[in-house]
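Reviewing the structure listed below.
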Amino acid sequence: MGGANHSVVSEFVFLGLTNSWEIQLLLFVFSSMFYVASMMGNSLIMLTVTFDPHLHSPMYFLLANLSFIDLGVSSVISPKMIYDLFRKRKVISFGGCITQIFFLHVIGGVEMVLLIVMAFDRHVAICKPLHYLTIMNRKMCILLLVAAWVVGLAHSMIQLVFVIKLPFCGPNVLDSFYCDLPQFIKLACTDTFSLEFMVTANSGFISLGSFFILIASYSFILITVRKHSSRGSSKALSTLSAHIMVVILFFGPCIFVYTWPHPTSCVDKFLAVFDAVLTPFLIQSSIH
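Following our numbering, the numbering of the sequence shown begins with 1 at its first residue and continues without gaps.
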């Protein structure tokens, strides 16, 4: 797969979500509504945490960064999807497709690490409350945030280094409304078995492993919390429940899309809409 890209395909055509005008109208209304609500809600969280001195704690610092990432999740897919709903020919350039894949996986990788960092933050706050501000100091928070971005960039680049060199001779039709690796790779006019396995290992198994690590971590924290019967424990349980809901909302679609052995376009499209439009809105609602 070395050398220059010899693709003759300059653009890709999306089949979109549906051909029904009524369903398209419904999707347009709800997608636009949830997209605007998500953008406003996450922006409000970021501004509140930034300008309210009482919220300058590690937990709210991480929350503001999660909201920033959710703004990115919404913006990578939703605007193009909403714009294409009533277009007869839904196209994206080769470069635009690669760019969408790149940012989708950068943001996904950053959010994955950020959720693990938030679990670590809650573990320290609940299990070692006297040492919390010493461990989760400003330097540590910034270091963990930088690590999240490094992992996200590495996760995306490792895949694209190989994928961008694939030759595409046609067809150029994607049964989707956005570009992502599983369907994109299958359009290449060469054997892609090893690349498909790499994508499954890089995106699927990492998502699955991170999900189980997070669930195990939160289960341990919940057991610790339940041993203490106080008002503080009740508040901690409420916070942890919101965090667990965020983990399920984020990892559920990722695990299905990248590890399910027999993907179906209908289910994939539903999960993609859920992940791009509803998940950022539900995450900010759950945490808030």
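By construction, the Cβ of each residue, glycine as well, lies at the ideal position given by its N, Cα and C atoms.
Classify Gly3 as helix, strand or coil using the three-state DSSP reduction. In the sequence shown, the residue the question calls residue 3 occupies position 3. At Gly3 the pLDDT is 47, less than 50, meaning the model places this residue with poor confidence and gives no usable figure here.
Check the Cβ-Cβ distances between Lys186 and every residue of chain B, and say whether any is below 8 Å. No chain B is present in this structure, which holds just one protein chain.
Among residues of its own chain, excluding the 5 on either side of Cys189, which ones have a beta-carbon nearer than 7 Å to its beta-carbon? On the sequence shown, position 189 is the one that residue 189 refers to. Excluding five sequence positions before and after Cys189, the CB atoms of its chain that fall closer than 7 Å to its own CB belong to Pro167, Phe168 and Cys169, given in chain order.
Contact check, His155 vs His105, beta carbons under 8 Å: The sequence position of residue 155 within the sequence shown is 155, counting from 1. The sequence position of residue 105 within the sequence shown is 105, counting from 1. The beta carbons of His155 and His105 sit closer together than 8 Å.
Can you grab the Cα-Cα spacing for the pair Met1 / Lys165, in whole Å? For the purposes of this step, residue 1 is identified with residue 1 of the sequence shown, where counting begins at 1. For the purposes of this step, residue 165 is identified with residue 165 of the sequence shown, where counting begins at 1. For Met1, the pLDDT reaches just 43, beneath the cut-off of 50, and the residue's location in the model is therefore unreliable, although a value from the coordinates is still provided. Rounded to the nearest whole angstrom, the CA to CA distance from Met1 to Lys165 is 6 Å.
Grab me the residues of Leu181's own chain with a C-beta within less than 8 Å of its C-beta, minus the 5 sequence neighbours each way, in chain order. Position 181 of the sequence shown, counting from 1, holds the residue named residue 181. Cβ-Cβ distances below 8 Å link Leu181 to Ile101, His105, Gln159, Val163, Val199 and Ser203 in the same chain, with the five nearest sequence neighbours on each side left out; the list follows chain order.
Does DSSP classify Val9 as helix, strand or coil? By one-based count along the sequence shown, residue 9 stands at place 9. When secondary structure is reduced to three states using DSSP, Val9 falls in the coil class, being assigned neither helix nor strand.
Taking the alpha-carbon positions, what's the Trp21 to Phe251 distance? Your numbering for residue 21 matches position 21 in the sequence shown. Your numbering for residue 251 matches position 251 in the sequence shown. Spanning the two alpha carbons is a distance of roughly 32 Å.
Which of helix, strand or coil DSSP assigns to Gly16: Position 16 of the sequence shown, counted from the start, is the residue given in the question as residue 16. In the structure shown, Gly16 sits in coil (DSSP, three-state: anything other than H, G, I, E or B).
Proximity of Tyr218 and Ile244 at Cβ, strictly below 8 Å: To locate residue 218, count along the sequence shown from 1; it is residue 218. To locate residue 244, count along the sequence shown from 1; it is residue 244. Result yes, Cβ atoms of Tyr218 and Ile244 sit closer than 8 Å.
Quick test of the definition: if touching needs 3 or more C-beta pairs under 8 Å, does the region 135 to 145 touch the region 206 to 213? By the Cβ test, the region 135 to 145 is not in contact with the region 206 to 213, since fewer than three Cβ pairs between them sit closer than 8 Å.
With a 10 Å radius around its C-beta and 16 neighbouring C-beta atoms as the bar for buried, classify Asp42 as buried or exposed. For the purposes of this step, residue 42 is identified with residue 42 of the sequence shown, where counting begins at 1. One point to set straight first is that residue 42 is Asn, not Asp, in the sequence displayed. By the Cβ neighbour-count rule, Asn42 is buried, with 16 or more other Cβ atoms within 10 Å of its own.
What residues match up with Ile92 in a beta bridge as DSSP calls it? Residue numbering aside, residue 92 sits at position 92 when the sequence shown is read from its first letter. Ile92 pairs with Phe12.
Buried or exposed: Ala201, going by 16 or more other Cβ atoms within 10 Å of its Cβ? Taking the sequence shown and counting its residues from 1, one reaches residue 201 at position 201. So Ala201 ends up on the exposed side.
In the DSSP assignment, find the alpha helix (DSSP H) that holds His155 and state where it starts and stops. For the purposes of this step, residue 155 is taken as the residue at position 155 of the sequence shown. For His155, the enclosing alpha helix (DSSP H) stretches over residues Arg138 to Val163.
Residue range of the alpha helix (DSSP H) that Thr200 falls in? Here the question's residue 200 lines up with position 200 in the sequence shown. It is not in any alpha helix (DSSP H) - Thr200 carries neither H nor E in the DSSP assignment.
Considering only the beta carbon of each residue, do Leu17 and Lys186 sit closer than 8 Å? If you number the sequence shown from 1, residue 17 lands on position 17. If you number the sequence shown from 1, residue 186 lands on position 186. Their beta carbons are not under 8 Å apart, which means Leu17 does not touch Lys186 by this criterion.
Using the three-state DSSP reduction, which class does Leu26 fall into: helix, strand or coil? In the sequence shown, counting from the first residue as 1, residue 26 sits at position 26. Helix.
Determine the closest residue to Leu328 out of Gly108, Leu222 and Ile23, with distance taken between C-alpha atoms. The chain is shown from 1 up to 288; residue 328 falls before or after that span and cannot be answered.
Between Val9 and Leu174, what straight-line distance do the alpha-carbon atoms span, to the nearest angstrom? Within the sequence shown, residue 9 is the residue found at index 9, counting from 1. Within the sequence shown, residue 174 is the residue found at index 174, counting from 1. C-alpha separation (whole angstroms): 13 Å.
Quick check on this structure: which residue in His123, Glu196 and Val110 has the alpha carbon closest to the alpha carbon of Ala302? The displayed coordinates of the chain run from 1 to 288. Any statement about residue 302 would go beyond what the structure contains.
Does Leu187 come out as helix, strand or coil in the three-state DSSP assignment? In the sequence shown, counting from the first residue as 1, residue 187 sits at position 187. Leu187 falls in the coil class under three-state DSSP.
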